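Quick note, the sequence shown lines up with residues -29 to -1, 1 to 109 if you use mature numbering (1 follows the signal peptide of the UniProt record, and there is no 0). Encoded as structure tokens, the structure appears first; notes follow it.
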Amino acid sequence: MNYLKRIGRLVAICICAVCVGIIPITAHAMEVSDKQIQPRMDYISSYGTELTISDSGEASVTGFVRGKKGVTNAYVKVTLQKKVSGSWVYVQSWESSGSGRNATIAETYSVSRGTYRVVASIKAGTESKSPISAERTY
């Protein structure tokens, strides 16, 4: 009788193993953009830089930093660059700082034909970031 129980258990285990092997198991990776993955920041709440160029060649350059509560100094500098022979060349820069926790720059500049970007230097408290805008072609 014990022998039959053992055989029955062994058959049941084999059937379970076969069933597990037959059932397809799929896994799907979730796509995550770079903007969703950011390290935790101690002093900066948000920051960014952007470049737009109108049809008439007027570049709008912006940069900002928002410090967290308790931050007493914020700084932002934006540098407009042009791509010349594959390298980025300085065109113009602006900066803003203050004794508050936020700093913002919004400037316009007339550009000639070419590809441009903005590189920012951003600070709040003792934390700093260096975002780069998307490239824009005029």
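No residue lacks a Cβ here, since even glycine has one placed at the ideal position from N, Cα and C. For clarity, every value in this text was computed on a predicted model and none was experimentally measured.
Residue i to residue j, Cα distance in whole Å?
i, j, result
"Tyr87", "Glu98", "27 Å"
"Thr108", "Lys40", "38 Å"
"Ser56", "Val62", "15 Å"
"Ser83", "Val36", "29 Å"
"Lys48", "Gly38", "15 Å"
"Arg17", "Gly85", "The sequence shown places Ser at residue 17, not Arg. Ser17 and Gly85: Cα-Cα distance of roughly 30 Å."
How about residue i and residue j: are their beta carbons less than 8 Å apart?
i, j, result
"Arg72", "Ala95", "yes"
"Tyr103", "Thr33", "Note that residue 103 is Ile in the sequence shown, not Tyr. Not a contact, by the Cβ cut-off of 8 Å."
"Ala74", "Leu51", "no"
"Val90", "Ser81", "no"
From the DSSP output, which residues share a beta bridge with residue i?
i, result
"Val55", "Ser58"
"Arg88", "Gln52"
"Ser104", "Paired residues: none, contrary to the question."
Does the beta carbon of residue i fall short of 7 Å from some heavy atom of the ligand SAH?
i, result
"Tyr80", "The model depicted lacks the ligand SAH and carries no ligand whatsoever."
Apply the 10 Å Cβ neighbour rule to residue i and answer buried if 16 or more other Cβ atoms are within range, or exposed otherwise.
i, result
"Ile15", "buried"
"Thr20", "buried"
"Val60", "exposed"
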